[in-house]
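Shown next, in structure tokens, is the structure this report addresses.
Right, dumping it as structure tokens:
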């Protein structure tokens, strides 16, 4: 190969190595403390929840959403089936019949320590705030990869709108910045919901468990699951009986795409070199074959 | 012959005709002239595809006013991605893989015998990526923010979507560059042809690099759906599997398009492009067979490693066996058998089954084996309107492909002056 071709291939190698390295991920090393602030969260004690759904009503009211009917008769019907959150309901309370009786479980965004939705967002529309709140912003492109990447299937999309948002609980981010408790916590009549720093609510959870070992199983869901979450749960029964997955693992979900992301700059740099190497080897091999063939012809000719 | 049912193209080719476009004004007049359809415009295919395109465009308009919900699509909160993402992004990009694989075969491995199908593959890839971009604009919910992926200060650099978006855009530009020699030959501009010709080899290397990365990237998009995708379809090696399958998906599409093009565009073929076709098909079959074998073996090993064989005795287990045996192993064996026995008919059939297998696998990963545990009432299946839009986009693809093949040197060799330019480099 001539010098010009060689330089061209090296040039593309440098170009793609640069491209690949520019695309190398900035890993958010979100730990327990960010910017000197701690993560804020909610302890959900399912042994205290009575399924009154006042949290659903309060959440709808502060967010300007359709307020659900939470009368006794409405609740009787609604609680018969397990519901998901929706684009118009950021929290739902579900009823489960378990080995220890009826259990009510409020379900909403877990505000993970290392959220899959945040890491998967190509334009930083999903943000993990320094205080732990996971919020959605309007520079979203509507790709819905956050929905694919959430192990709890929380982000909801406004399919029926021409200008659709992604909707989910944002831990009352606006109220937090005004120094006010989340609406659901404020209104809960049995203090099944308790807000505080993650450290505080974990301590409280452990205190309750050790103080009443017959009332709780010795596990806080969300302490380590999916790398740890800010909504953490206490339960009297194993968590798979109340709608939680038992195969979640403790690996933060962004780690699942880290393998590919780490490989990008490596492959980007090495592939042009590999192409060059293969191309040169092939050409050299072919030239050798032609030489050998010509030698044979010469040898034949001499006889 | 069969081709005349679809389109009669009575085009005389003077090999040395050189329109000599040297300015935009000249190009505009030339282009307007070339826009006129050739041959019979009211064939059955044109009428049907025309209706599909018109209906599709109307539905796309409705989609932008009414949103992505029913009745435009059947997408719901448990199934955010469906037919459009599944077919055009997950499958269409894989089908376009023939471009980079053939470029590697012809220009890196130096196997010149495959050159007659190279430009077809490059053209198909270019059109596929352009239309895929259109589908993304339609399928994403807030597409006016798409520039934020490429410009601005809010880059989600830890996102696979971000990386794939960039790779996709760069590859689209590289694809255009790789096809531009044909364009330059069409308008007869020697300077352009010389410039893009000199960049071609670099574009090939860059294109192969970008392709490996973004074909794998499609698999990486699903990497955080662990636990939501059935274990038979989920693996942390999804990027590797998607890259491997893009190789035989692309080559199968080349075989498939080549088969159809030979009949439909036979008046465009010159001897260099007509005669070696069976030889090319058999050669590609060997490659497809080998890669499918590797893909199949890897799938089995991964499933065994994840300890999932106990799950085989279930509905999803049987579904997986159907996909792996009927749509991966069978076409793989047909490719190898066809190549051994020098039977191009077996190979062409294998290509069709392999393509169906790619569609099946990627549909499974995105919405069939995704959230498979949900009750049937909550499941997703494509809506009628999603189907019409899909047919419309495919029809547009065929119309653009046909327009270009009937005018530019894709199925016939480059004009002499261009060949000379290449030799001088």
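Protein chains in written order, with the working numbering: chain A, 24 to 326; chain B, 92 to 516.
Every residue gets a Cβ at the ideal spot worked out from N, C-alpha and C, and that includes glycine.
query                                                                                                                                                                                          : result
Where residue 97 of chain B and residue 357 of chain B are concerned, what is the direct C-alpha to C-alpha distance, given to the nearest angstrom?                                           : A caution first: residue 97 of chain B carries a pLDDT of 46, below 50, which makes its placement in the model unreliable, though a value can still be read off. The alpha-carbon atoms of residue 97 of chain B and residue 357 of chain B are separated by roughly 12 Å.
Could you tell me which chain A residues have their CB closer than 7 Å to the CB of residue 166 of chain B, listed as they occur along the chain?                                              : 182
Determine which residues share a DSSP beta bridge with residue 201 of chain A and list them.                                                                                                   : According to DSSP, which records beta bridges pairwise, residue 201 of chain A is partnered with nothing at all.
Can you name the residues that DSSP bridges to residue 287 of chain A?                                                                                                                         : In DSSP, residue 287 of chain A forms no bridge with anything.
Could you give the distance in angstroms between the alpha-carbon of residue 153 of chain A and the alpha-carbon of residue 132 of chain A?                                                    : 17 Å
Check the Cβ of residue 239 of chain B against every Cβ in chain A and list those closer than 7 Å, keeping chain order.                                                                        : 146, 162, 164
Using the Cα positions of residue 448 of chain B and residue 411 of chain B, report the straight-line distance between them to the nearest angstrom.                                           : 11 Å
Between residue 301 of chain A and chain B, is there a C-beta pair that is closer than 8 Å?                                                                                                    : yes
Could you name the residues that DSSP lists as bridge partners for residue 129 of chain A?                                                                                                     : A:116
Which residues does DSSP list as the beta-bridge partners of residue 157 of chain A?                                                                                                           : A:151
Tell me the rounded alpha-carbon separation between residue 268 of chain B and residue 81 of chain A.                                                                                          : 58 Å
Here's the rule I'm using: 16 or more other beta-carbon atoms within 10 Å means buried, otherwise exposed. How should residue 231 of chain A be labelled?                                      : buried
Please report how far the alpha carbon of residue 117 of chain A lies from the alpha carbon of residue 429 of chain B, in whole angstroms.                                                     : 58 Å
Which bits of chain B does residue 3 of chain A rub up against, with CB to CB less than 7 Å?                                                                                                   : As displayed, chain A neither begins before 24 nor continues past 326, which places residue 3 of chain A out of reach and without an answer.
If you count every other CB in all the chains shown that lies within 10 Å of the CB of residue 242 of chain B, and 16 or more means buried, which is it?                                       : exposed
Going by DSSP in three states, residue 50 of chain A sits in which element: helix, strand or coil?                                                                                             : Residue placement at residue 50 of chain A cannot be trusted, given a pLDDT of 38 that sits under 50; what the coordinates show is reported in the next sentence. Three-state DSSP puts residue 50 of chain A in coil, outside helix and strand.
Indicate whether residue 144 of chain A and residue 157 of chain A have their beta-carbon atoms separated by less than 8 Å.                                                                    : no
Output yes if chain A places a C-beta closer than 8 Å to the C-beta of residue 512 of chain B; else output no.                                                                                 : no
Check whether the stretch 372 to 388 of chain B touches the stretch 434 to 446 of chain B, counting contact only when three or more Cβ pairs, one atom from each stretch, lie closer than 8 Å. : yes
So what's residue 134 of chain B in DSSP terms, helix, strand or just coil?                                                                                                                    : coil
When the Cα atoms are used, what is the spatial distance from residue 505 of chain B to residue 196 of chain B?                                                                                : 20 Å
Would you tell me roughly how many angstroms separate the C-alpha atoms of residue 114 of chain A and residue 173 of chain A, rounded to the nearest one?                                      : 16 Å
Report yes if the C-beta distance between residue 160 of chain A and residue 150 of chain A is below 8 Å; otherwise report no.                                                                 : yes
At a CB distance below 7 Å, what residues from the stretch 170 to 181 of chain B approach chain A? Give them in sequence order.                                                                : 171, 172
What residues in the stretch 223 to 237 of chain B bring their beta carbon closer than 7 Å to a beta carbon of chain A?                                                                        : 231, 232, 233, 234, 236, 237
Is residue 472 of chain B buried or exposed, if buried means 16 or more other CB atoms sit within 10 Å of its CB?                                                                              : exposed
In three-state DSSP terms, what is residue 67 of chain A?                                                                                                                                      : strand
Bridge partners of residue 167 of chain B, per DSSP?                                                                                                                                           : B:170
Opposite residue 135 of chain A in the DSSP bridges: which residues?                                                                                                                           : A:252
From residue 8 of chain A to residue 305 of chain A, what does the alpha carbon distance come to, in whole angstroms?                                                                          : Outside the displayed span of chain A (24 to 326) sits residue 8 of chain A, for which this structure offers no information.
Consider the Cβ of residue 296 of chain B: report whether some Cβ of chain A lies at a distance smaller than 8 Å.                                                                              : yes
Where does residue 416 of chain B land, buried or exposed, given buried means 16+ other C-beta within 10 angstroms?                                                                            : exposed
Could you tell me whether the Cβ of residue 179 of chain A comes closer than 8 Å to any Cβ of chain B?                                                                                         : yes
Please name the residue in B:486, B:235, B:450 whose C-alpha comes closest to that of residue 138 of chain B.                                                                                  : B:486
Using a C-beta to C-beta distance shorter than 9 Å, which residues of chain A count as neighbours of residue 200 of chain B?                                                                   : 301, 302, 305
Give the interface partners of residue 307 of chain B over in chain A, defined as CB-CB distance under 7 Å, in chain order.                                                                    : 283
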